[in-house]
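K.L.:
For reference, the structure I am asking about is given below.
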Amino acid sequence: LYNGLTEIQQGQIEVGRKEIEEAVKLDPGNARAQLLLGEVSLRLGAPAAAEKAALEVLRRNPSNALAAILLADSFLTRKEWKKAEQIYQAMIKQNPKSEVGYLKMGLSRRLQGKLKEAAGFFGQAVETNPKNLTAINDYIFTLAAAGETATAKKVLDETVAKEPKNPLLWDMVGRFQMASGKPAEAEAAFLKSIELAPDFTAPYYQLGVIYASQKKFPEAEARLAKVIEKDDKNVGAHTLLGMALHSEGKIEEANKEYRKVLALSPKHALAANNLAANLADGGGNLDEALKFAQIAREAAPEDPSVGDTLGWIYYKKGLVDTAFPLISDAAGKLKNNASIRFHHGMVLAKKGKSREAAAELNAALALDPKFPGADEAKKTLASLK
Numbered sequence: 007l008y009n010g011l012t013e014i015q016q017g018q019i020e021v022g023r024k025e026i027e028e029a030v031k032l033d034p035g036n037a038r039a040q041l042l043l044g045e046v047s048l049r050l051g052a053p054a055a056a057e058k059a060a061l062e063v064l065r066r067n068p069s070n071a072l073a074a075i076l077l078a079d080s081f082l083t084r085k086e087w088k089k090a091e092q093i094y095q096a097m098i099k100q101n102p103k104s105e106v107g108y109l110k111m112g113l114s115r116r117l118q119g120k121l122k123e124a125a126g127f128f129g130q131a132v133e134t135n136p137k138n139l140t141a142i143n144d145y146i147f148t149l150a151a152a153g154e155t156a157t158a159k160k161v162l163d164e165t166v167a168k169e170p171k172n173p174l175l176w177d178m179v180g181r182f183q184m185a186s187g188k189p190a191e192a193e194a195a196f197l198k199s200i201e202l203a204p205d206f207t208a209p210y211y212q213l214g215v216i217y218a219s220q221k222k223f224p225e226a227e228a229r230l231a232k233v234i235e236k237d238d239k240n241v242g243a244h245t246l247l248g249m250a251l252h253s254e255g256k257i258e259e260a261n262k263e264y265r266k267v268l269a270l271s272p273k274h275a276l277a278a279n280n281l282a283a284n285l286a287d288g289g290g291n292l293d294e295a296l297k298f299a300q301i302a303r304e305a306a307p308e309d310p311s312v313g314d315t316l317g318w319i320y321y322k323k324g325l326v327d328t329a330f331p332l333i334s335d336a337a338g339k340l341k342n343n344a345s346i347r348f349h350h351g352m353v354l355a356k357k358g359k360s361r362e363a364a365a366e367l368n369a370a371l372a373l374d375p376k377f378p379g380a381d382e383a384k385k386t387l388a389s390l391k
């Protein structure tokens with residue numbers, strides 16, 4: 007079981023799943039192993055296997071709440087709404103003071119397109135636990151999607167007023183302002199989030215989107231250089247400067263900034279991930295690239311872009327079977343990213359899945375005909391015909 011957990015943490019999900027399967031065979035009554043196998047199965051798109059694991063735990067212990075959630079989630083993944091909601095509603099009835107059942111019901115209704123009903127359940131989750139940021143986030147953005155933007159903003163403003171030094175809330179403000187078409191306000195919120203927590207990666211990505219859409223990277227570079235002149239140990243400024251330089255094609259200069267970040271903050275996921283990707287794509291040392299990608303994965307195990315970088319390095323090292331689940335997962339979660347779709351196409355081609363590979367490579371070119379791997383994508387497409 008420990009080996010399986012270690013493999014998963016290193017991004018080798020399929021290998022980890024096999025290790026956990028062995029643990030389950032040796033001890034079918036190990037609830038922890040069964041639940042972990044079920045969770046990994048869901049991540050790999052195998053809800054029937056997740057259902058089987060959940061039922062095995064419930065057969066031995068009908069009151070196991072985690073197994074009940076896993077069973078319901080396996081139904082939800084297959085759009086068996088009634089079966090999933092029967093379990094979620096039972097959870098609410100059994101433990102009305104827990105936000106979990108309300109959150110799950112909200113998710114189910116949102117997936118069905120019933121936004122006002124979903125917002126109602128998310129609101130109940132927030133009432134039950136006002137400090138649950140997942141509940142607050144889902145409530146605010148579902149309200150906005152349902153056309154109740156003013157109510158959503160009021161809830162968000164009140165929440166931030168209670169915790170003005172919470173970087174996660176400022177990131178939420180930034181995303182809300184972006185969705186509302188207010189990039190200047192969004193930028194200020196993301197910068198505030200970074201100021202409060204320089205190692206928190208999410209706002210960096212969002213700022214990158216803003217700067218790219220407004221072509222503000224040269225301006226950002228000049229501004230950040232001045233910040234660093236005053237404070238050379240400012241992790242956030244070095245990271246953003248690296249991103250700005252990267253976007254201007256100044257890869258070596260960007261890498262220097264990422265290395266400075268990692269000297270100051272050795273587990274900074276974004277700097278480690280970007281440095282790893284640059285080394286892999288720029289003809290750098292793949293072993294060094296792998297080291298940084300694994301640092302990023304350990305720091306941000308759920309980030310699909312980090313998983314893609316790690317997978318792409320494995321691909322370049324000839325470890326296609328290890329690369330495939332990482333890149334496939336990232337491509338499913340970041341469908342509008344041309345580079346990741348390209349990576350998916352390339353690994354599919356190596357696995358002999360020509361039709362699926364061609365579809366992914368064409369999708370990458372449709373998203374961005376001039377992305378860095380476009381020429382290689384075209385050559386590979388020609389070879390698949």
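If you read the sequence shown in the numbering used here, its first letter stands for residue 7, the second for the next number, and so on. For every residue, glycine included, the Cβ atom is placed at its ideal position computed from N, Cα and C.
(1) Using 8 Å as the threshold, is the segment 334 to 352 in touch with the segment 306 to 326, meaning 3 or more CB pairs across them?
(2) Alpha carbon to alpha carbon, what distance is there between L50 and L3?
(3) Could you pull out every residue in the same chain whose Cβ sits closer than 7 Å to the Cβ of V63, ignoring the five residues on either side in sequence?
(4) Which whole-angstrom value is the C-beta distance of A364 and L325, which I expect to be below 8 Å?
(5) Please report how far the alpha carbon of E193 lies from the alpha carbon of G180, in whole angstroms.
(6) Taking 8 Å as the cut-off, decide whether the C-beta atoms of D205 and V161 are in contact.
(7) Report buried or exposed for E169, applying the criterion of at least 16 other Cβ atoms within 10 angstroms of its Cβ.
(8) Is it buried or exposed for Q212, if we count other Cβ within 10 angstroms and need 16 for buried?
(9) Keeping to the same chain, check which residues put their C-beta closer than 7 Å to that of K171; ignore five residues upstream and five downstream.
(10) For A125, tell me which candidate among G119, Y145, F81, H244 has the shortest Cα-Cα distance.
(11) Output the boundary residues of the alpha helix (DSSP H) element that contains K236.
(12) Please classify N67 as buried or exposed, where buried requires at least 16 neighbouring CB atoms within 10 angstroms.
(13) What is the rounded straight-line gap between the Cα of D381 and the Cα of A156?
(14) Suppose you measure from the CA of T245 to the CA of S80; what does that come to, to the nearest Å?
(15) Counting only the same chain and skipping the five closest in sequence on each side, list residues whose C-beta sits under 7 Å from that of L373.
(16) Scan the segment 14 to 75 and note each continuous alpha helix (DSSP H) run of 4 residues or more that stays entirely inside, going in chain order.
(17) Alpha carbon to alpha carbon, what distance is there between N261 and A277?
(18) Compute the Euclidean distance between the alpha carbons of A243 and A59, then round it to the nearest angstrom.
(19) Am I right that T134 and Y94 are in contact with their C-beta atoms under 8 Å? What's the rounded C-beta distance?
(20) Taking 8 Å as the threshold (C-beta atoms), are I319 and A286 in contact?
(21) Would you identify the three-state DSSP class for T157, choosing helix, strand or coil?
(22) Answer with buried or exposed for D163, where buried requires no fewer than 16 other C-beta atoms within 10 angstroms of its C-beta.
P.N.:
Reading from the atomic positions:
(1) yes
(2) Residue 3 falls outside the range modelled here, since the chain spans only 7 to 391, and no answer is possible.
(3) Reading the sequence shown from its first residue, position 57 is the one you call residue 63. So the list reads A37, Q40, L41, N70, A73, once near-sequence residues are dropped.
(4) Stepping through the sequence shown from its first residue, residue 364 is reached at position 358. Stepping through the sequence shown from its first residue, residue 325 is reached at position 319. Not quite, the Cβ-Cβ distance comes to about 23 Å (not below 8 Å), so this is no contact.
(5) Mapped onto the sequence shown, residue 193 falls at position 187. Mapped onto the sequence shown, residue 180 falls at position 174. E193 and G180: Cα-Cα distance of roughly 7 Å.
(6) Numbered from 1 along the sequence shown, position 199 holds the residue referred to as residue 205. Numbered from 1 along the sequence shown, position 155 holds the residue referred to as residue 161. Not closer than 8 Å, so no.
(7) On the sequence shown, position 163 is the one that residue 169 refers to. Label assigned to E169: exposed.
(8) Along the sequence shown, one-based indexing puts residue 212 at 206. Classification of Q212: buried, given that the 10 Å Cβ count is 16 or more.
(9) Position 165 of the sequence shown, counting from 1, holds the residue named residue 171. Answer for K171: L202, listed in chain order.
(10) Here the question's residue 125 lines up with position 119 in the sequence shown. Of the listed residues, the one whose Cα sits closest to A125 is Y145.
(11) As a working mapping, residue 236 is identified with position 230 in the sequence shown. Residues 223 to 236.
(12) Taking the first residue of the sequence shown as position 1, residue 67 is located at position 61. Its Cβ having fewer than 16 others within 10 Å, N67 is exposed.
(13) As a first step, residue 381 is located in the sequence shown; it is residue number 375 there, counting from the start. As a first step, residue 156 is located in the sequence shown; it is residue number 150 there, counting from the start. So the two alpha carbons sit approximately 47 Å from each other.
(14) One-based indexing of the sequence shown puts residue 245 at position 239. One-based indexing of the sequence shown puts residue 80 at position 74. Those two C-alpha atoms are separated by around 39 Å.
(15) Reading the sequence shown from its first residue, position 367 is the one you call residue 373. The residues are N342, A344, R347.
(16) 19 to 32, 37 to 49, 53 to 66
(17) Within the sequence shown, residue 277 is the residue found at index 271, counting from 1. Within the sequence shown, residue 261 is the residue found at index 255, counting from 1. The alpha-carbon atoms of A277 and N261 are separated by roughly 9 Å.
(18) If you number the sequence shown from 1, residue 243 lands on position 237. If you number the sequence shown from 1, residue 59 lands on position 53. Taking the straight line from one Cα to the other gives about 46 Å.
(19) Counted from its first residue, the sequence shown places residue 134 at position 128. Counted from its first residue, the sequence shown places residue 94 at position 88. That belief does not hold up - the Cβ atoms of T134 and Y94 are roughly 14 Å apart, past 8 Å.
(20) For the purposes of this step, residue 286 is taken as the residue at position 280 of the sequence shown. For the purposes of this step, residue 319 is taken as the residue at position 313 of the sequence shown. Yes. Within cutoff.
(21) Here residue 157 is taken as the residue at index 151 of the sequence shown, counted from 1. Note: T157 maps to helix in three-state DSSP.
(22) One-based indexing of the sequence shown puts residue 163 at position 157. It is exposed - the Cβ of D163 has fewer than 16 other Cβ atoms within 10 Å.
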